[in-house]
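Q: Numbering (the UniProt record's numbering), first residue to last: 1 to 71. First, the structure itself, so that you have it in front of you.
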């Protein structure tokens, strides 16, 4: 849910960030924390799946906060 909350917060800024930017930052942080070599995020099926998960989590957060969310 951290990615979803970060993405929601980024959307209210004047210069909104794309969901891809948020996913890239979390990917980078994960690599740094695990001590791995920093590699760019590939836009593959795993990326598409993660993006879908973030969008679903966003909707759930908004719903829990009392917003009416329609797909």
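Note that CB positions come from ideal geometry on N, CA and C, so glycine has one too.
1. Does DSSP put residue 37 in a helix, a strand or coil?
2. From which residue to which residue does the alpha helix (DSSP H) around residue 8 run?
3. So does the segment 45-63 actually touch the segment 2-11, counting three or more Cβ pairs closer than 8 Å?
4. Could you check where the alpha helix (DSSP H) with residue 58 kicks off and where it finishes?
5. Taking 8 Å as the cut-off, decide whether the C-beta atoms of residue 20 and residue 10 are in contact.
6. So residue 8 packs on residue 61, CB below 8 Å; how close in whole Å?
7. Rounded to whole angstroms, what's the CA-CA distance from residue 14 to residue 22? Just pull it up for me.
A: Taking the definition as stated:
1. coil
2. 2-11
3. yes
4. 45-64
5. no
6. 6 Å
7. 16 Å
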